[in-house]
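Residue 132 in our numbering sits at position 141 of the sequence shown, and the numbers go up by one each step.
For each residue, glycine too, the CB sits at the ideal point set by N, CA and C.
From a predicted model like this one, the values you see are computed outputs, not experimental measurements.
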Amino acid sequence: MAPALLAIALTALAALAAAPAPAAAAMATAKPEQGPLNPAFVEALHDPLVGIGLGRLPSPVEVHVGAAAEARAARFAAPPSYDLRSEGRLSAVKDQGPWNTCWAFANTAAVESKLMPASPEPDFSEDNVVRRSGYFSTMDQRYDWGGWDFMAVAYFARWAGPVDESADPYDHAAGANGTRKHVQGVVMVPGRSHFTDNDLLKRLVLENGALSAGMYFDPDWSPYNEYTDDTGLHATYYSPQWENENHGVTIVGWDDAYPRDRFQGEHG
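Structure below.
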């Protein structure tokens, strides 16, 4: 959920900055309290290398969508299918290689998609997102322990990036900085409550471009299926795992009439 991701965060900050300052007495008595951490996030930090190393960690906080946003999404008439690729709104597919950096790739792809097709195909540095994320202490931790959307949002929101790929290639080494764009806003969307809960996601893809999202993926599971037709090589994957996520991906469209028999395994 990337560029869309970043819009609400900065809008909220601007609103806070413009609000009247609280009275001095209220400030003196008010004590900030830390909200509850997502239990899945706490568990992942206790043992970040357990499981399949793809790179996405659960968010430290759980995001909720308000009733007004859900109502607007429900009124949105989405087409039965849509593909950002056919609209020239998706940058090239990239390879995260041996590191657990899928979260950086998913969010960077969303920012790139937001700029297209008005701008020539952008190519921003995922390496810069990882190195300058700042959450983990060492570079090895930043590349190997994974991350989540809030880390990328913080990087873009403070205008640390994006940086061109040519200035900081994906090589686990320090590169040049130099922000190319200033991200102005973010939309954060919580996980779906049901597999048919797609109205808001469709609206965001149409209006903002690609979305960064999390899923659970295990390539050894039988529900992974590759097939070839007259349009090329395709792959499908179905996972009944709802409790955890371990991989960051980019949502680029949908097809409501996609044949269910293309999926393997038991599914609804």
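Looking at the backbone, the Cα of Glu156 and that of His185 are separated by about 37 Å. A direct Cα-Cα distance of roughly 6 Å separates Trp90 from Asp135. Secondary structure note for Trp94: its alpha helix (DSSP H) is the uninterrupted segment 93 to 106. In the DSSP assignment, Glu217 forms a beta bridge with Ala226. Spanning the alpha carbons of Pro214 and Ala167 requires a straight line of approximately 42 Å.
Relative to the Cα of Arg76, the nearest Cα in the group Val240, Phe96, Pro108, Arg251 belongs to Pro108. Assignment of alpha helix (DSSP H) within the region 105 to 151, counting only whole runs of 4 or more residues, yields 117 to 122, 130 to 135, 140 to 148 in chain order. DSSP places Leu75 in the helix class (H, G or I) of the three-state scheme. Here His37 carries a helix assignment [DSSP, helix/strand/coil].
CA-CA distance, Arg251 to Thr219, rounds to 16 Å.
The Cβ atoms of Thr170 and Ala151 sit closer than 8 Å to each other. The alpha-carbon of Glu198 is positioned some 31 Å away from that of Leu28. The continuous stretches of beta strand (DSSP E) do not include Asp252, and DSSP gives it neither H nor E. Rounded to whole angstroms, the separation of the alpha carbons of Glu78 and Gly244 is 11 Å. Judged by DSSP in its simplified three-state form, Asp155 adopts strand. In the structure shown, Ala68 falls within a coil segment according to DSSP collapsed to helix, strand and coil. The DSSP-derived three-state label of Asp188 is coil.
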